[in-house]
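Everything below concerns the one structure shown next.
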């Protein structure tokens, strides 16, 4: 009887460790939610709605699994040697309306967030397998980061209500391409149940 109880307790402990490690295998990437990039510009959804939807997505994740990606601004240099762009540092701050629940903040110089080595290192260390991506812009950085995540071998999910765009046509085209590559789309109201 004692050995049966011990086996049962070990089984419960093993199942709990599987559930804990499973929960640590997902992360939410928040791409370029910096008001400097959309202030005085027309985006859809409007920035208040976008930030509110992203904050709702943040609430569905453990705080340490929420990762913020900031983009640098770039300056254009034209000379006899050619045309180049250079990042301006520091990067503009995260929108103050956004809930910042972790210290996981990374700065990128390219559209694809996966060009940041320190981001790749933390995702590997946490043994993340699935990424949920929200932020700016469907047809640019969200698209490039989703493709970068696929190339790195992650299961990638986007949450359309929490992603902005400048052009609905380009947003739809970007989504179709991403779906064809294997990206899942999960509505915001189903995000917590997709776990």
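In our numbering, the protein residues as written are 587 to 781. Note that the Cβ used here is the ideal one computed from N, Cα and C, for glycine as well.
In chain order, what residues of the same chain lie with their CB nearer than 6 Å to the CB of residue 633, ignoring the 5 residues before and after it?
624
Would you list the one or two residues that DSSP bridges to residue 629?
Bridge partners of residue 629: none, in fact.
Within its chain, find whatever has a CB closer than 8 Å to the CB of residue 637; leave out the 5 residues flanking it on each side and keep chain order.
619, 681, 683 and 684
Could you spell out where the beta strand (DSSP E) holding residue 760 opens and where it closes?
First-last for residue 760: 754-767, but that is the alpha helix (DSSP H), not the beta strand (DSSP E).
What did DSSP end up calling residue 680 once you bin it into helix, strand or coil?
coil
What's the call for residue 640, buried or exposed, on a 16-neighbour Cβ count within 10 Å?
buried
Reducing DSSP to helix, strand and coil, say where residue 721 ends up.
strand
For the segment 761-778 and the segment 726-739, state whether three or more C-beta atom pairs, one from each stretch, are separated by less than 8 Å.
yes
Give me the residue from 775, 760 and 743 with the minimum Cα distance to residue 717.
743
Indicate whether residue 667 and residue 691 have their beta-carbon atoms separated by less than 8 Å.
no
Do residue 707 and residue 757 have their C-beta atoms closer together than 8 Å?
no
Closest by C-alpha distance to residue 652, when choosing among 659, 614 and 631
614
Where residue 601 and residue 617 are concerned, what is the direct C-alpha to C-alpha distance, given to the nearest angstrom?
Low per-residue confidence applies at residue 601: pLDDT is 43, beneath 50, and the placement is therefore not dependable, though the value from the model is reported in the following sentence. If you take the alpha carbons of residue 601 and residue 617, they lie about 34 Å apart.
With the cut-off set at 8 Å, would you say residue 745 and residue 777 are in Cβ contact?
yes
Extent of the continuous alpha helix (DSSP H) run through residue 745:
That residue, residue 745, is in no alpha helix (DSSP H); its beta strand (DSSP E) goes 741-749.
Report the three-state DSSP secondary structure of residue 835 (helix, strand or coil).
Residue 835 lies beyond the stretch modelled for the chain, which goes from 587 to 781, so this question has no answer here.
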